[in-house]
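As structure tokens, the structure follows; a few thoughts come after it.
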Amino acid sequence: MGYPLWNQLEQLKSSTWVDLTHTFDETIPCFSEFERAKVSTLFNVADDGFYVQNWNIVSQYGTHIDAPIHFVEHKRYLHELDLKELALPLVVLNFSQEVAKNADFILTRKHVEQWETAHGKIEPGTFVALRSDWSKRWPDIEQFENRDSNGNLHLPGWGLDALQYLLEERHVKSIGHETFDTDASIDVAKNGDIVGERYILSQDTFQVELLTHLDLLPTRGAIIYTISPKPKDAPGFPVRAFAIKP
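When we follow the working numbering, the leftmost residue of the sequence shown carries the number 15, and every step to the right adds one.
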């Protein structure tokens with residue numbers, strides 16, 4: 015074919031495509047303050063000649079994107095993100111072994127620096143995903159929430175110093191993870207706030223939560239795409255996130 019972009023697409027389709035998105039319904043794990051989806055059938059093919067459903071969901075449901083306005087006033091809404099921001103080189107930080115030993119694992123700047131010693135300096139403009147393998151607990155709500163006898167959650171997350179290092183010194187574009195929140199649950203309890211998430215979104219960028227299949231991706235070399243609808247003035251929305259790897 016004589017069209018360069020078409021040729022590039024054929025080359026991309028010869029690579030491996032990895033779905034990073036959980037399928038969602040009324041039964042999935044979700045943030046405790048949110049109601050799970052409510053789904054009803056309005057029309058069906060047998061009776062009406064076409065099939066239409068009504069979905070009632072919160073904007074941060076299932077695998078989703080958080081726009082800056084989600085936590086910080088006067089920042090951008092979802093529809094204001096540029097399309098080119100949503101296709102990024104992907105770096106995967108694998109700390110799944112540490113999480114397997116400690117569900118309260120917090121990724122610190124020191125961890126990232128040690129990772130760079132082994133794998134090289136993290137490039138600017140990248141999407142950095144924290145692989146914890148927590149998504150393997152999906153869709154079991156009890157396992158995913160990992161509550162103790164007092165009802166407190168125990169999920170791993172990013173430390174604020176790691177996020178500041180990545181955004182301010184490595185100049186990465188965005189981050190993502192497999193859990194509900196940016197911050198580890200014990201940090202949320204200690205701080206009384208989600209300080210890491212508030213920091214990320216204050217940088218006028220986005221993040222992606224509840225990713226899956228990061229274990230199928232290389233440390234470097236893949237591209238992540240984060241595709242969502244375009245609701246007006248929304249703080250986020252479920253996405254179809256996927257990666258293309260060599």
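Where is the CB? At the ideal position from N, CA and C, for every residue including glycine.
Note that the structure is a prediction, hence the values are computed from the model and not measured.
Buried or exposed (CB count within 10 angstroms, at least 16 for buried), residue 69: exposed
Contact under 8 Å by Cβ, residue 187 with residue 102: yes
The alpha helix (DSSP H) enclosing residue 201, as first and last residue numbers: It spans 199-205 - the alpha helix (DSSP H) in which residue 201 sits, taken as one unbroken run.
Span separating the alpha-carbon of residue 17 from that of residue 24: 11 Å
Three or more C-beta pairs below 8 Å linking the segment 57-76 and the segment 206-214: no
Contact the segment 228-239 vs the segment 249-257: 3+ CB pairs below 8 Å: yes
Beta-ladder partner(s) of residue 238, from DSSP: 102, 257, per the DSSP bridge assignment.
Segment limits, alpha helix (DSSP H) that includes residue 131: 123-133
Interface flag, residue 61 vs chain B, CB-CB below 8 Å: Among the chains in the structure shown there is no chain B, since it carries only a single protein chain.
C-beta atoms of residue 241 and residue 104 nearer than 8 Å: no
Minimum C-alpha distance to residue 127 - residue among 66, 177, 199: Closest option to residue 127, Cα to Cα, is 177.
For residue 108 and residue 161, believed in contact at Cβ under 8 Å, the rounded distance: Going by Cβ atoms, the distance from residue 161 to residue 108 rounds to 26 Å, so no, they are not a contact pair.
Reduced DSSP secondary structure (H/G/I, E/B, other) of residue 149: helix
Three-state secondary structure assigned by DSSP to residue 78: strand
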